Amino acid sequence: MTDDRRFAALHNAQALPRREIPLLPFAEFRQAVIEAVRRGKTVAALFADAAADGAVVLHAVLGDAHRATLLVSQTRLERDAFDSFTPDCPQVYLFEREIAEQFGVRPAGHPWLKPVRFHHSYRPGHDAWGRAENEPIEVGVMDFYRVEGDEIHEVGVGPVHAGVIEPGHFRFQCHGEQVLHLEISLGYSHRGVERSLIGGPGKRTIHAIEATSGDSSIGHASAYCQAVEALSATSIPLRADALRGVMLELERLANHTGDLGALAGDVGFLPTASYCGRIRGDFLNLTALVCGSRFGRAMVRPGGVTFDIEETRRAQALDRLDRALADLKGAVELLWNATSVQARFEGVGGVTRDDCLALGMVGPAARACGVPVDVRGDFPAGIFRFAQIPISTMTTGDVFARAYLRWLEIQRSAAFVREQLQTLPSGPHRLTPAALRPDCLAVSLVEGWRGQICHVALTDERGRFARYKIVDPSFHNWTGLALALRDQQISDFPLCNKSFNLSYCGHDL
Amino acid sequence: MWQVIRARWRQGQRTISYPAGPAPALSDRFRGLPIVEASKCPAGCRECAEACPTEAISTDGSRFQLDLGRCLFCTECSEACPEGAIQYSSDYRLATRTREDLLYDGQTLKLAEALDQQTRRLFGRSLKLRQVCAGGSGASEADLNVLSTVVFDLARFGIQFVASPRHADGLVVTGPVSENMRAALLEVYEAIPAPKLVIAVGAEAISGGVFRGHDETHDGAASLLPLDLFIPGWPPHPLTILDGFLRLLGRLDFSISSE
Chain Y
1 MTDDRRFAAL
11 HNAQALPRRE
21 IPLLPFAEFR
31 QAVIEAVRRG
41 KTVAALFADA
51 AADGAVVLHA
61 VLGDAHRATL
71 LVSQTRLERD
81 AFDSFTPDCP
91 QVYLFEREIA
101 EQFGVRPAGH
111 PWLKPVRFHH
121 SYRPGHDAWG
131 RAENEPIEVG
141 VMDFYRVEGD
151 EIHEVGVGPV
161 HAGVIEPGHF
171 RFQCHGEQVL
181 HLEISLGYSH
191 RGVERSLIGG
201 PGKRTIHAIE
211 ATSGDSSIGH
221 ASAYCQAVEA
231 LSATSIPLRA
241 DALRGVMLEL
251 ERLANHTGDL
261 GALAGDVGFL
271 PTASYCGRIR
281 GDFLNLTALV
291 CGSRFGRAMV
301 RPGGVTFDIE
311 ETRRAQALDR
321 LDRALADLKG
331 AVELLWNATS
341 VQARFEGVGG
351 VTRDDCLALG
361 MVGPAARACG
371 VPVDVRGDFP
381 AGIFRFAQIP
391 ISTMTTGDVF
401 ARAYLRWLEI
411 QRSAAFVREQ
421 LQTLPSGPHR
431 LTPAALRPDC
441 LAVSLVEGWR
451 GQICHVALTD
461 ERGRFARYKI
471 VDPSFHNWTG
481 LALALRDQQI
491 SDFPLCNKSF
501 NLSYCGHDL
Chain D
1 MWQVIRARWR
11 QGQRTISYPA
21 GPAPALSDRF
31 RGLPIVEASK
41 CPAGCRECAE
51 ACPTEAISTD
61 GSRFQLDLGR
71 CLFCTECSEA
81 CPEGAIQYSS
91 DYRLATRTRE
101 DLLYDGQTLK
111 LAEALDQQTR
121 RLFGRSLKLR
131 QVCAGGSGAS
141 EADLNVLSTV
151 VFDLARFGIQ
161 FVASPRHADG
171 LVVTGPVSEN
181 MRAALLEVYE
191 AIPAPKLVIA
201 VGAEAISGGV
211 FRGHDETHDG
221 AASLLPLDLF
231 IPGWPPHPLT
241 ILDGFLRLLG
251 RLDFSISSE
């Protein structure tokens with residue numbers, strides 16, 4: 001529990017009645033959030049919602065890793081503007097931009113107030129930039145930061161890139177080869193995910209969640225199911241917890257493996273690039289062995305999981321896991337022994353620990369800077385209440401750290417999957433969850449392979465979603481990539497970008 | 001150096017022998033083409049249609065139709081059916097040439113036919129494709145990338161993904177076409193020299209999928225571009241995509257290629 005009466009406290013994957021959440025005057029709310037972050041809490045979510053009377057309500061969800069507790073609070077805005085938190089609390093700068101865009105309230109004093117996804121406000125007639133309702137909003141058209149000078153030039157890349165990847169726009173301010181500043185403008189994949197969830201859960205809900213970020217289908221579906229199970233006071237069978245954990249770590253194994261291959265490819269080291277491309281497929285096929293889909297779709301459902309792992313399948317999975325890992329070891333160790341690779345990885349794209357903390361970065365990108373954040377250990381839920389995965393960290397915060405960290409995590413995840421498969425709890429793997437309780441709030445965190453996935457669900461008086469907030473780990477980390485590019489060669493951008501490998505669609509929603 | 005050579009030797013030869021040999025084994029839980037025994041349907045039963053998240057099924061208990069362009073290949077309909085009349089088969093072949101061909105009766109699917117002789121003379125041995133992700137979730141894109149790995153080795157068929165639309169013979173679209181990607185998608189299409197092909201990969205690119213009807217999307221590429229090939233799936237398995245490409249180029253249809 002918290003001794004701070006300005007917040008209500010709850011655990012990960014827990015719900016509480018909305019009337020128990022303190023409703024603070026704005027100035028006190030702002031002060032409470034800023035002070036808490038100053039004392040080391042992290043901002044899991046800061047978002048707005050429209051109350052029944054049309055007023056905008058701000059909700060804050062903070063993480064207190066020391067006590068494995070989440071803190072929630074709220075405030076009502078009396079007008080279409082509020083004092084920005086960002087000058088005192090940089091972690092929330094993108095959350096404030098999102099609030100401004102979605103609900104047409106202006107964070108006054110925000111140093112970098114620009115659209116996030118380029119869409120009209122959810123409250124017709126209220127626009128943070130004073131745009132008319134019928135005025136078309138053009139994606140990517142905004143006031144980019146510019147460096148002026150005789151020898152300064154600007155490089156714009158995207159939304160369509162050279163490879164088969166998602167769309168985004170990157171604008172570099174360069175002096176020769178040197179990048180002085182990179183600004184990242186996204187929103188091209190905005191599909192209206194959050195808005196479509198209101199009034200749910202409906203028959204499309206879980207599928208939209210699985211498509212929030214395709215390579216994190218298991219992570220997002222798990223976060224959603226934890227939230228729904230908290231709201232319906234459903235305790236799922238232990239076997240289902242274990243199977244979800246196995247699937248989540250298989251997702252991490254596949255993506256980390258793919259990233260190591262892609263990093264090798266970006267520095268022209270083809271053996272590892274080619275082997276990892278294939279071995280990533282072995283892990284995806286292992287996921288398909290369990291649930292039929294290489295991306296884990298249709299596996300995680302409220303109440304448990306759709307598919308069980310019976311005895312023969314378990315033996316087959318263990319055998320294939322060991323073989324894939326042996327192949328991977330041979331492929332990846334080449335990287336650490338090739339001086340040509342190390343010369344390209346080390347000292348490139350560094351993010352300092354201080355910047356990482358100030359931005360509130362999450363996942364491997366944060367752990368590579370020596371910041372030991374990991375939902376699985378900090379806010380354990382599901383199987384991670386009973387089985388722990390040791391956290392890995394690096395200190396240098398550069399491409400090498402992000403690459404090597406993935407290899408460390410691969411080994412830990414593989415050991416976890418093996419252990420879980422060998423000791424699967426008996427019992428059922430799925431039950432039917434009850435209806436959602438009305439007027440409640442649930443917070444659900446999952447450590448996806450990119451980092452902290454946060455879902456916050458608020459129900460109305462009928463037990464339907466009044467608001468559903470999704471915070472993909474990429475939302476916390478894109479600015480980390482922008483900082484990593486400062487003073488780097490522009491030719492190192494692909495390498496730096498791949499070392500973060502953030503989600504565009506998870507950010508754009 | 002020796003370590004690199006040893007690793008190479010250990011990793012071995014991994015490219016699949018398909019299409020000359022058999023396709024690689026898929027998971028026994030893989031959900032390919034669904035097979036529907038409409039004769040089992042009780043009169044007036046609409047359980048599957050009501051369970052379907054994307055309104056892909058229409059049935060009145062006797063006449064059954066599944067729109068594979070909307071199908072998410074999930075388990076909702078097969079779980080909802082009281083008679084067990086819907087079963088997924090392991091058949092990964094799903095690509096068609098027209099949108100109408102995706103309206104499937106549950107028994108026979110008219111798979112894609114090859115391009116006409118003249119177009120095949122142009123593209124049959126060398127097809128360069130520009131891919132545009134128009135609001136996709138990254139899953140279809142990932143399994144398109146898989147085609148370029150050593151396992152599928154797309155380049156052995158003369159098919160390659162290229163960076164510049166000027167170098168491309170065709171466009172591969174993924175995603176429901178978000179409003180914010182509409183202009184970029186059309187620009188890429190315009191930049192590809194004619195004659196050109198357009199291929200929609202995945203439920204979202206074909207129909208909008210789970211995002212169909214959203215104000216923020218255009219329900220797939222069909223309303224904006226003329227499409228030559230539809231590859232269903234959510235996302236389609238790499239084999240499904242490869243099968244579609246090869247079918248289009250007439251490289252699987254031996255009766256045509258021996259003419």
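If you read the sequences in order, they're chains Y and D. Heads up: the first sequence is residues 1 to 509, going by the numbering used here. Heads up: the second sequence is residues 1 to 259, going by the numbering used here. Every residue gets a Cβ at the ideal spot worked out from N, C-alpha and C, and that includes glycine. Given the structure is predicted, the values throughout are model-derived calculations rather than measurements.
Asked                                                                                                              : Found
Assigned exposure category for N134/Y - 16 Cβ within 10 Å defines buried                                           : exposed
Simplified DSSP assignment, three categories, for I236/Y                                                           : coil
L238/Y to L424/Y span [Cα, whole Å]                                                                                : 9 Å
Helix, strand or coil at D83/Y according to DSSP, with G and I counted as helix                                    : strand
Beta-bridge partners of E154/Y, as assigned by DSSP                                                                : Q173/Y
Coarse secondary structure for C133/D, derived from DSSP in three states                                           : strand
Identity of the residues DSSP links to K128/D by a beta bridge                                                     : Q160/D
Within chain D, partners of D215/Y - CB distance below 7 Å                                                         : G138, A139, A142
Residues that F161/D contacts on chain Y, provided the C-beta gap is smaller than 7 Å                              : V164
Pick from Q131/D, A205/D, D28/D, R14/D that is closest to T287/Y, judged by C-alpha positions                      : D28/D
Secondary structure of S255/D, DSSP reduced to three states                                                        : For S255/D, the predicted structure reports a pLDDT of 45, less than 50, and the residue's modelled location is therefore unreliable. The matter cannot be settled from this model.
C-beta neighbour in chain D for P159/Y, strict 8 Å                                                                 : yes
Beta-carbon proximity check, F379/Y vs G63/Y, cutoff 8 Å                                                           : yes
Nearest residue (CA-CA) to A442/Y, options R5/Y, P433/Y, R18/Y                                                     : R18/Y
Spatial neighbours of G304/Y in its chain, beta-carbon cut-off 7 Å, leaving aside the 5 residues before and after  : I236, P237, A240, H429, R430, L431
Between the CA atoms of A254/Y and G296/Y - distance to the nearest angstrom                                       : 11 Å
Any chain D beta carbon closer than 8 Å to R297/Y                                                                  : yes
S503/Y: contacting residues in chain D (beta-carbon distance under 8 Å)                                            : G138
Residue from R191/Y, H119/Y, T352/Y, Y275/Y with nearest C-alpha to G330/Y                                         : Y275/Y
Beta-carbon proximity list for F29/Y, same chain, < 8 Å, skipping 5 on both sides                                  : R6, L58, A60, S73, Q74, T75
Within-8 Å CB hit, W2/D to chain Y                                                                                 : no
Reference L509/Y; option with closest CA among L10/Y, E166/Y, Y145/Y                                               : E166/Y
Beta-ladder partner(s) of C454/Y, from DSSP                                                                        : L445/Y, V471/Y
H181/Y: first and last residue of the uninterrupted beta strand (DSSP E) it sits in                                : 178-185
Those residues which DSSP pairs with C440/Y across a bridge                                                        : P17/Y
Test item: CB-CB of L10/Y and L16/Y under 8 Å                                                                      : yes
Proximal residues of chain D, C-beta to C-beta of T432/Y below 7 Å                                                 : What T432/Y touches in chain D: nothing, since even the nearest Cβ is about 12 Å away.
Residue range of the alpha helix (DSSP H) that includes G63/Y                                                      : Taken as a continuous stretch (DSSP letters only), G63/Y belongs to no alpha helix (DSSP H), being part of the beta strand (DSSP E) at 56-64.
Coil, strand or helix - F152/D by DSSP                                                                             : coil
Cβ-based neighbour list, G214/Y, same chain, cut-off 8 Å, excluding 5 preceding and 5 following                    : F295, C505
CB contact check: P176/D to chain Y, cutoff 8 Å                                                                    : yes
Within chain Y, the residues that S29/D reaches when beta carbons sit closer than 8 Å                              : A small fix is needed here, since residue 29/D is Arg in this sequence, not Ser. The answer, in chain order, is A288, L289, V290, C291, G292, F307.
Where F514/Y falls, given that 16 or more other Cβ within 10 Å makes a residue buried                              : Because chain Y in this structure spans residues 1 to 509, residue 514/Y falls outside the shown range and cannot be described.
Straight-line gap, Q316/Y to E310/Y (C-alpha atoms, nearest Å)                                                     : 10 Å
Any chain Y beta carbon closer than 8 Å to I83/D                                                                   : The sequence as given places Glu at residue 83/D; Ile does not occur at that position. No, E83/D does not count as interfacial toward chain Y.
Interface positions of the stretch 202-231 of chain Y facing chain D (Cβ-Cβ less than 9 Å), listed along the chain : G202, K203, R204, T205, I206, H207, A208, E210, A211, T212, S213, G214, D215, S216, S217
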